[in-house]
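A.B. asks: Let me give you the structure first, and then I'll get to my questions.
Protein chains: 2
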Amino acid sequence: MSRTKQLKLGAFMRPVSIHTGAWRYPGAIPDANFNFPALKKFIQKLEQGKFDAFFMADHLAVLNMPVNALKRSHTVTSFEPFTLLSALSTVTENIGLVATASTTYDAPYHIARRFASLDHISGGRAGWNIVTTANPDAALNFNLEEEIEHDERYRRAREFYDVVTGLWDSFADDAFVRDVEAGIYFDPDKLHVLNHKGKYLSVRGPLNIARPVQGWPLIVQAGASEAGRQLAAETAEAVFAPAGNLEAGKALFADIKGRARAIGRDPDSIKILPGALVVVGETVAEAQAKRVYLDSLVHYDSGIASLNSALGYDVSGFDPDGPLPEIPPTNAGHSSRERVIALAQRENLTIRQLAQRVGSYSGLAFVGTPQTIADEMEQWLKEEGSDGFNIMFPYLPEGLNDFVDKVIPELQSRGIFRTEYEGTTLRENLGLPRPANRFFESERSPAVI
Amino acid sequence: MSRTKQLKLGAFMRPVSIHTGAWRYPGAIPDANFNFPALKKFIQKLEQGKFDAFFMADHLAVLNMPVNALKRSHTVTSFEPFTLLSALSTVTENIGLVATASTTYDAPYHIARRFASLDHISGGRAGWNIVTTANPDAALNFNLEEEIEHDERYRRAREFYDVVTGLWDSFADDAFVRDVEAGIYFDPDKLHVLNHKGKYLSVRGPLNIARPVQGWPLIVQAGASEAGRQLAAETAEAVFAPAGNLEAGKALFADIKGRARAIGRDPDSIKILPGALVVVGETVAEAQAKRVYLDSLVHYDSGIASLNSALGYDVSGFDPDGPLPEIPPTNAGHSSRERVIALAQRENLTIRQLAQRVGSYSGLAFVGTPQTIADEMEQWLKEEGSDGFNIMFPYLPEGLNDFVDKVIPELQSRGIFRTEYEGTTLRENLGLPRPANRFFESERSPAVI
Numbered sequence: 001m002s003r004t005k006q007l008k009l010g011a012f013m014r015p016v017s018i019h020t021g022a023w024r025y026p027g028a029i030p031d032a033n034f035n036f037p038a039l040k041k042f043i044q045k046l047e048q049g050k051f052d053a054f055f056m057a058d059h060l061a062v063l064n065m066p067v068n069a070l071k072r073s074h075t076v077t078s079f080e081p082f083t084l085l086s087a088l089s090t091v092t093e094n095i096g097l098v099a100t101a102s103t104t105y106d107a108p109y110h111i112a113r114r115f116a117s118l119d120h121i122s123g124g125r126a127g128w129n130i131v132t133t134a135n136p137d138a139a140l141n142f143n144l145e146e147e148i149e150h151d152e153r154y155r156r157a158r159e160f161y162d163v164v165t166g167l168w169d170s171f172a173d174d175a176f177v178r179d180v181e182a183g184i185y186f187d188p189d190k191l192h193v194l195n196h197k198g199k200y201l202s203v204r205g206p207l208n209i210a211r212p213v214q215g216w217p218l219i220v221q222a223g224a225s226e227a228g229r230q231l232a233a234e235t236a237e238a239v240f241a242p243a244g245n246l247e248a249g250k251a252l253f254a255d256i257k258g259r260a261r262a263i264g265r266d267p268d269s270i271k272i273l274p275g276a277l278v279v280v281g282e283t284v285a286e287a288q289a290k291r292v293y294l295d296s297l298v299h300y301d302s303g304i305a306s307l308n309s310a311l312g313y314d315v316s317g318f319d320p321d322g323p324l325p326e327i328p329p330t331n332a333g334h335s336s337r338e339r340v341i342a343l344a345q346r347e348n349l350t351i352r353q354l355a356q357r358v359g360s361y362s363g364l365a366f367v368g369t370p371q372t373i374a375d376e377m378e379q380w381l382k383e384e385g386s387d388g389f390n391i392m393f394p395y396l397p398e399g400l401n402d403f404v405d406k407v408i409p410e411l412q413s414r415g416i417f418r419t420e421y422e423g424t425t426l427r428e429n430l431g432l433p434r435p436a437n438r439f440f441e442s443e444r445s446p447a448v449i
Numbered sequence: 001m002s003r004t005k006q007l008k009l010g011a012f013m014r015p016v017s018i019h020t021g022a023w024r025y026p027g028a029i030p031d032a033n034f035n036f037p038a039l040k041k042f043i044q045k046l047e048q049g050k051f052d053a054f055f056m057a058d059h060l061a062v063l064n065m066p067v068n069a070l071k072r073s074h075t076v077t078s079f080e081p082f083t084l085l086s087a088l089s090t091v092t093e094n095i096g097l098v099a100t101a102s103t104t105y106d107a108p109y110h111i112a113r114r115f116a117s118l119d120h121i122s123g124g125r126a127g128w129n130i131v132t133t134a135n136p137d138a139a140l141n142f143n144l145e146e147e148i149e150h151d152e153r154y155r156r157a158r159e160f161y162d163v164v165t166g167l168w169d170s171f172a173d174d175a176f177v178r179d180v181e182a183g184i185y186f187d188p189d190k191l192h193v194l195n196h197k198g199k200y201l202s203v204r205g206p207l208n209i210a211r212p213v214q215g216w217p218l219i220v221q222a223g224a225s226e227a228g229r230q231l232a233a234e235t236a237e238a239v240f241a242p243a244g245n246l247e248a249g250k251a252l253f254a255d256i257k258g259r260a261r262a263i264g265r266d267p268d269s270i271k272i273l274p275g276a277l278v279v280v281g282e283t284v285a286e287a288q289a290k291r292v293y294l295d296s297l298v299h300y301d302s303g304i305a306s307l308n309s310a311l312g313y314d315v316s317g318f319d320p321d322g323p324l325p326e327i328p329p330t331n332a333g334h335s336s337r338e339r340v341i342a343l344a345q346r347e348n349l350t351i352r353q354l355a356q357r358v359g360s361y362s363g364l365a366f367v368g369t370p371q372t373i374a375d376e377m378e379q380w381l382k383e384e385g386s387d388g389f390n391i392m393f394p395y396l397p398e399g400l401n402d403f404v405d406k407v408i409p410e411l412q413s414r415g416i417f418r419t420e421y422e423g424t425t426l427r428e429n430l431g432l433p434r435p436a437n438r439f440f441e442s443e444r445s446p447a448v449i
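Chains as they are written, first to last, in the UniProt record's numbering: chain A, 1 to 449; chain B, 1 to 449.
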């Protein structure tokens, strides 16, 4: 059956809004990141909208910000991903549950077991967002004096992935016979002991849990560095990497799919889903005004620290309501400085407005009517900028409800988004195959344990 | 108000039955350890019976048994505790949720965060069973060549406890002001950075989650060794240690409460809850017959390995249906060998029957009618053998339903067990205080975050 290519949609939900001003927006739930009844309503609304997945970022430290910014941040407290997603699995039926977990500060036996358990409890809806945790403060919480170097973290991540997927394959899908009469619970010939001894990890196995419903939970990757893109091409099935505009999206899409093709993978088996903030209005002007108002809720103290950091230059001595001065060459990352300066010029922003934008969210955004937003998404899909998006809501519940009630029907009416879930597992909804067990031939394809 | 001393009751639920034959018992659910809908029914029935807590033991490896026994074991696959308990928290309202977590194979930042998250999601019902994981196979799954020595594990556990409780105290109970107008999310003067640097652990903090509803989740300890008892006296609020009979129970009770008193703790602030298998019948003879039948479902291959191990002597060459031969002195633990030989003599068991008992469960058991079981429990309570029990069900759902429907009403009618939960948190139901924050004076006692 030939069919129009379909958008895949995740919801980026930790924090529930990435926007620093979100908790102050009219109608917002100020403690939404940490309010289970509110999160339950959000995920049920996302499921009503047929979203593919609820996506939890994670941090292993209180975020490193100047205290004047930190005290204004609604992200300082939040649930731990596994406890939250497992609880949310009981109040949903179809939506995927993607948790971030670190290959640098955790053990593969724990990670393999927890994702397997979440996959079983949710009936095949778990996904693992593999991160190496680029945060020096996290190292200090985990018995280290300083952070492990970037490329070494990625080498460990690659081995960690091999161990985790090997542990998931500890039991054949049909290992558990549970023959009450004969008193045989499982067939020991269908149990594999991994015996992994590598450069970073030594893990005997087997895992003490049956093979996950999906075979392996979905593998997600978000890194944009050279090492991150290569890890994604080798392992990921969904990529949540930033792409600030369509050109950048096309380049990222081509790069990762090309890398995958080069090592013999089907490029369709990796879904590229950049993050996108979506602000919906009755008119484009109304949507833009909502965003301006939202940005204005970011306290100057929160924004100026981020702006100074992005510029690598302290502009707090200048008039906040005047234009950005000439910025001398600095040690800040060149691309970040150039991007911020270009943004100020393009939108003619004052220092205050720029600080509020940089201190909240300045990445890819679709701001407009349901029609213009759908136009842009359709363009990305058709021009191979992405396979879909990981949607960020500017404020909740309003922004989330707007997306589900107004944008989703528009996407559906264009035939580029589902009206019903295709299957019961996250893999089935994304159109991805169930991995074979590397140690056993499967006798039945849909795993029943 | 003076009131009859009340029994406290936990349910030991991993495995759902500790008895090796349970999955083959008529009416049993063979995959009950790994069946979320079944576990949901079990915990809801326990809550109907006003149980204090659902208790999850844990293992960080497939249990080390000869393959002939392992393949007959229903405990080989099971959910990971946090994912299961968090999911079960959404289908219950009052029952406590106690998870085992290891101080040897995990990091205090993870443990502190996960229990805090479970405590928030469940509204104050989490408990941490501190274990040091006495299982050489677990070491092999966590980058080690061999197990860390027993007393060193306990020294690390003591430091680990200090770090975890210190991390729980990162925020004052009233730190989160969420002042939308002023744009202040929390008061930075109410955030404490732990900066722990000890012999085993270096953890900066703060924890990235608000202080738990209970202040600290309940602290549980199960070790019976010298080091385990001392750790319990210093830290535990509930002790799940084995006591095979009333005399042993009294000795354990006096020892741990005495150790606690010696370091200035109120002995009432530690609840001693030994494990007890309970088999209910219409008559004592019927209950005994049920147990004999259940034991007969243990395959000889499963039992004989355990029996040989307990005796430190291979009796598999003798007639299984004959009596136990004279056992020469061996290297096996003296107490385990003597206990098994005494059991064979006391109940006049054949080698097969003895193997089936030792290979299933040979600890404290109450086998009788609701009245005789309540008599025994009341005697333990009144004679200071324990503060209650961690109940083990011989088979499910029948054994669990029997306890809730028949034994609980008998205990209630004697005035020694609650008819309604006393509070909404596990601590309130156990009559235990909410710990003060060591870094901040609290301005309000029931924590609202």
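Just so you know, even glycine gets a beta-carbon here, dropped at the ideal spot from N, CA and C.
In the segment 284-304 of chain A, which residues sit with their C-beta less than 9 Å from some C-beta in chain B, listed in chain order?
C.D. replies: Here the close residues are Leu-297, Val-298, His-299, Asp-301 and Ser-302.
A.B. asks: So the candidates are B:Val-193, B:Phe-439, B:Pro-212 and B:Arg-211; which of them puts its Cα closest to the Cα of B:Val-203?
C.D. replies: Looking at the Cα atoms, B:Val-193 is the closest of the given residues.
A.B. asks: Between A:Ile-449 and A:Asp-255, what straight-line distance do the alpha-carbon atoms span, to the nearest angstrom?
C.D. replies: With a pLDDT of 38 at A:Ile-449, under the threshold of 50, the modelled position of that residue is not reliable, and the figure given next carries that caveat. So the alpha carbons of these two residues sit roughly 38 Å apart.
A.B. asks: When DSSP labels each residue in this structure, what does B:Asn-437 get in the three-state scheme?
C.D. replies: In the structure shown, B:Asn-437 sits in coil (DSSP, three-state: anything other than H, G, I, E or B).
A.B. asks: If the cut is a Cβ gap below 9 Å, which residues of chain A does B:His-59 touch?
C.D. replies: Within 9 Å Cβ-Cβ: Asn-208.
A.B. asks: Name the chain B residues that come within less than 9 Å of A:His-74, Cβ to Cβ?
C.D. replies: Going along chain B in sequence order, the residues near A:His-74 (Cβ under 9 Å) are Arg-178 and Tyr-185.
A.B. asks: Does the structure place the segment 222-233 of chain B close enough to the segment 145-158 of chain B that three or more beta carbon pairs sit under 8 Å?
C.D. replies: Touching, yes.
A.B. asks: Just how far apart, CA to CA, sit B:Phe-51 and B:Ala-11?
C.D. replies: Computed Cα separation, rounded: 7 Å.
A.B. asks: Measuring CB atoms only, is the segment 422-431 of chain B touching the segment 85-98 of chain B, in the sense that at least three cross pairs come out at less than 8 Å?
C.D. replies: With a cut-off of 8 Å, the segment 85-98 of chain B and the segment 422-431 of chain B count as touching, because enough Cβ pairs lie within range.
A.B. asks: Report yes or no: is there a C-beta of chain A within less than 8 Å of the C-beta of B:Ser-89?
C.D. replies: Interface residue, yes.
A.B. asks: Pick from B:Ile-408, B:Gly-322, B:Ala-222 and B:Thr-235: whose alpha carbon is nearest that of B:Thr-165?
C.D. replies: Nearest C-alpha to B:Thr-165: B:Thr-235.
A.B. asks: Are there 16 or more other CB atoms within 10 angstroms of the CB of A:Lys-63, so buried, or fewer, so exposed?
C.D. replies: Before going on, a small fix: residue 63 of chain A reads as Leu here, not Lys. Result: exposed.
A.B. asks: Could you compute how far the alpha carbon of A:Leu-277 sits from the alpha carbon of A:Ser-306?
C.D. replies: Those two C-alpha atoms are separated by around 19 Å.
A.B. asks: On the DSSP bridge list, what partners appear for B:Phe-55?
C.D. replies: The partner list for B:Phe-55 (beta bridge, DSSP) reads B:Phe-12 and B:Val-98.
A.B. asks: So, using beta-carbon positions, are B:Glu-383 and B:Ile-416 closer together than 8 Å?
C.D. replies: Against a cut-off of 8 Å, the Cβ pair of B:Ile-416 and B:Glu-383 comes out as no contact.
A.B. asks: Sorry if obvious, but does the Cβ on A:Arg-14 come closer than 7 Å to a heavy atom of the ligand MG?
C.D. replies: The ligand MG is not part of the structure shown, which contains no ligands of any sort.
A.B. asks: Beta carbons nearer than 7 Å to chain B: which residues of the segment 28-54 of chain A have them?
C.D. replies: If the cut-off is 7 Å between Cβ atoms, the segment 28-54 of chain A has Pro-30, Asp-31, Phe-34 and Phe-36 near chain B.
A.B. asks: Quick one: measure Cβ to Cβ for A:Asn-208 and B:Ala-436, integer angstroms, because I've assumed they're closer than 8 Å.
C.D. replies: Not quite, the Cβ-Cβ distance comes to about 38 Å (not below 8 Å), so this is no contact.
A.B. asks: Checking the sheet assignment: what are the DSSP bridge partners for A:Ile-391?
C.D. replies: A:Ile-391 pairs with A:Ala-11 and A:Ala-276.
A.B. asks: Residues bridged to B:His-196 by DSSP?
C.D. replies: Beta-bridge pairing links B:His-196 to B:Val-203.
A.B. asks: Taking the Cβ atom as the reference point for each residue, do A:Arg-337 and A:Ala-310 lie within a distance shorter than 8 Å?
C.D. replies: Yes, these two residues count as a Cβ contact at 8 Å.
A.B. asks: Please classify A:Phe-79 as buried or exposed, where buried requires at least 16 neighbouring CB atoms within 10 angstroms.
C.D. replies: So A:Phe-79 ends up on the buried side.
A.B. asks: Taking Cβ to Cβ, would you say A:Glu-237 is nearer than 8 Å to A:Leu-218?
C.D. replies: It is a contact, given that the beta carbons lie within the stated cut-off.
A.B. asks: My parser needs the alpha helix (DSSP H) runs of 4 or more residues fully inside the segment 387-431 of chain B; what are they?
C.D. replies: DSSP runs (the alpha helix (DSSP H)) wholly in the segment 387-431 of chain B: 398-402, 408-413 and 426-430.
A.B. asks: Give me the chain B residues within the contact set of A:Asp-106, using Cβ-Cβ distance strictly less than 8 Å, ordered along the chain.
C.D. replies: Within 8 Å Cβ-Cβ: Ala-107 and His-110.
A.B. asks: Considering A:Gln-379, what are the terminal residues of the alpha helix (DSSP H) in which it resides?
C.D. replies: 370-382 is the extent of the alpha helix (DSSP H) around A:Gln-379.
A.B. asks: With the cut-off set at 8 Å, would you say A:Arg-72 and A:Ser-225 are in Cβ contact?
C.D. replies: No, these two residues do not count as a Cβ contact at 8 Å.
A.B. asks: Among A:Pro-108, A:Phe-171, A:Gly-385 and A:Phe-55, which one has its Cα closest to the Cα of A:Ser-86?
C.D. replies: If we check each option's Cα against that of A:Ser-86, A:Phe-55 comes out closest.
A.B. asks: Whose C-beta lies closer than 8 Å to the C-beta of B:Val-284 among residues of the same chain, with five residues either side of it excluded?
C.D. replies: Within the same chain, B:Val-284 has close Cβ partners Val-367, Gly-368, Thr-369 and Thr-372.
A.B. asks: Candidates B:His-110, B:Asn-308 and B:Ala-182: which alpha carbon is nearest A:Ser-102's?
C.D. replies: With distances taken between Cα atoms, A:Ser-102 lies closest to B:His-110.
A.B. asks: Answer with buried or exposed for A:Phe-318, where buried requires no fewer than 16 other C-beta atoms within 10 angstroms of its C-beta.
C.D. replies: By the 10 Å Cβ count, A:Phe-318 comes out exposed.
A.B. asks: Does any C-beta atom of chain B lie closer than 8 Å to the C-beta of A:Gly-205?
C.D. replies: Yes, A:Gly-205 lies at the interface with chain B (some Cβ there is under 8 Å from its Cβ).
A.B. asks: If you count every other CB in all the chains shown that lies within 10 Å of the CB of B:Asp-314, and 16 or more means buried, which is it?
C.D. replies: Exposed, by the Cβ-count rule.
A.B. asks: Taking only three categories from DSSP, how would you classify A:Gly-238?
C.D. replies: The displayed chain sequence assigns Ala, not Gly, to residue 238 of chain A. Of the three classes helix, strand and coil, the one that applies to A:Ala-238 here is strand, per DSSP.
A.B. asks: So, at 8 Å on beta carbons, what are the nonlocal neighbours of A:Ile-327 in its own chain, with the 5 sequence-adjacent residues on each side left out?
C.D. replies: Hits under 8 Å: Leu-311, Tyr-313, Val-315, Arg-337 and Ile-341.
A.B. asks: Let's see if you can read the secondary structure: which residues bound the beta strand (DSSP E) around A:Asn-129?
C.D. replies: Where A:Asn-129 is concerned, the enclosing beta strand (DSSP E) stretches over 126-131.
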